[in-house]
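Colleague:
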Amino acid sequence: MHQIFGDYINVLPPDRDSLELSFTSTSEDIKNLWRNQRLSAHFLANCFINFLPLDENNPEEEQRIKEAQGSISYVANELIENAVKFNLEAVSHQVKLGIYFLESSELIAVIFATNTVDKTQAETFQTFIKKLLASDPQELYIQQLEASANDHDSTQSGLGFLTMINDYQARLGWKFESLSTIPDLIAVTVMAQVIV
Numbered sequence: 126m127h128q129i130f131g132d133y134i135n136v137l138p139p140d141r142d143s144l145e146l147s148f149t150s151t152s153e154d155i156k157n158l159w160r161n162q163r164l165s166a167h168f169l170a171n172c173f174i175n176f177l178p179l180d181e182n183n184p185e186e187e188q189r190i191k192e193a194q195g196s197i198s199y200v201a202n203e204l205i206e207n208a209v210k211f212n213l214e215a216v217s218h219q220v221k222l223g224i225y226f227l228e229s230s231e232l233i234a235v236i237f238a239t240n241t242v243d244k245t246q247a248e249t250f251q252t253f254i255k256k257l258l259a260s261d262p263q264e265l266y267i268q269q270l271e272a273s274a275n276d277h278d279s280t281q282s283g284l285g286f287l288t289m290i291n292d293y294q295a296r297l298g299w300k301f302e303s304l305s306t307i308p309d310l311i312a313v314t315v316m317a318q319v320i321v
């Protein structure tokens, strides 16, 4: 299985700055990562800011730096939170969180997280992705808020993805790949592109 949805960059330029964190997914490590995911997201944002061609001593750029840090931190936190929450603990594949710096006409942070799921989880997630891609994000956000309010046990509201799109203008993409070592397991990479 190899499927791509949304705005996924399959090959990132190798000559760009990047940072990637990998976590081995034993159940105890994942519990610790879950408690410290915000620290990982802030670390990623703070490191990434050093790649930006901005002058920290320029008062006009100080606000832009704070906004970029806030955007990157929020998106990275959402991605690592989902990757940890939905990762299969029974397998020892790594959960990854990373960021790439792209420069075109605008500065773009490409943030990604990878985790491992089974086929049933992948199919459920793909159904949500198709719904997300076919819907108006604002309307779907309201629908999902109402659904979450009515179903307190729901763990798959999609509100984090919708917030990334609506509040941070993130362009999202997803890649599903069967693992060569265990074909019934699927590596899911979620990518968010945020203009900074």
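If you count the sequence shown from 1, you need to add 125 to reach the numbering used here. Quick reminder that beta carbons are idealized off the backbone N, C-alpha and C, glycines included.
Under 7 Å Cβ to Cβ from E203, same chain only, skipping five residues before and after it: list those, please.
Modeller: Residue numbering aside, residue 203 sits at position 78 when the sequence shown is read from its first letter. Once the five neighbours on either side are set aside, the close Cβ partners of E203 are G285 and M289.
Colleague: What residues are listed by DSSP as bridge partners for I320?
Modeller: To locate residue 320, count along the sequence shown from 1; it is residue 195. In DSSP, I320 forms a bridge with I233.
Colleague: Whole alpha helix (DSSP H) runs in the segment 240-271 with 4 or more residues, listed along the chain?
Modeller: 244-259
Colleague: Output yes or no for whether 8 Å exceeds the beta carbon distance between Q318 and D132.
Modeller: What you label residue 318 is simply residue 193 of the sequence shown in a count that begins at 1. What you label residue 132 is simply residue 7 of the sequence shown in a count that begins at 1. A contact, by the Cβ cut-off of 8 Å.
Colleague: My guess is that S229 and V321 are in contact by the Cβ rule of under 8 Å, so how many angstroms apart are they, rounded?
Modeller: Residue 229 sits at position 104 when you count from the first residue of the sequence shown. Residue 321 sits at position 196 when you count from the first residue of the sequence shown. Wrong, their Cβ atoms sit about 12 Å apart, outside the cutoff.
Colleague: Please list the terminal residues of the continuous alpha helix (DSSP H) segment that includes L304.
Modeller: Indexing the sequence shown from 1 puts residue 304 at position 179. It is not in any alpha helix (DSSP H) - L304 carries neither H nor E in the DSSP assignment.
Colleague: Taking the C-alpha atoms as reference points, what is the distance between L297 and Y266?
Modeller: The residue you call residue 297 lines up with position 172 of the sequence shown. The residue you call residue 266 lines up with position 141 of the sequence shown. If I take the Cα positions, the gap works out to 15 Å.
Colleague: Any chance the segment 230-248 sits against the segment 205-212, with 3 or more Cβ pairs inside 8 Å?
Modeller: yes
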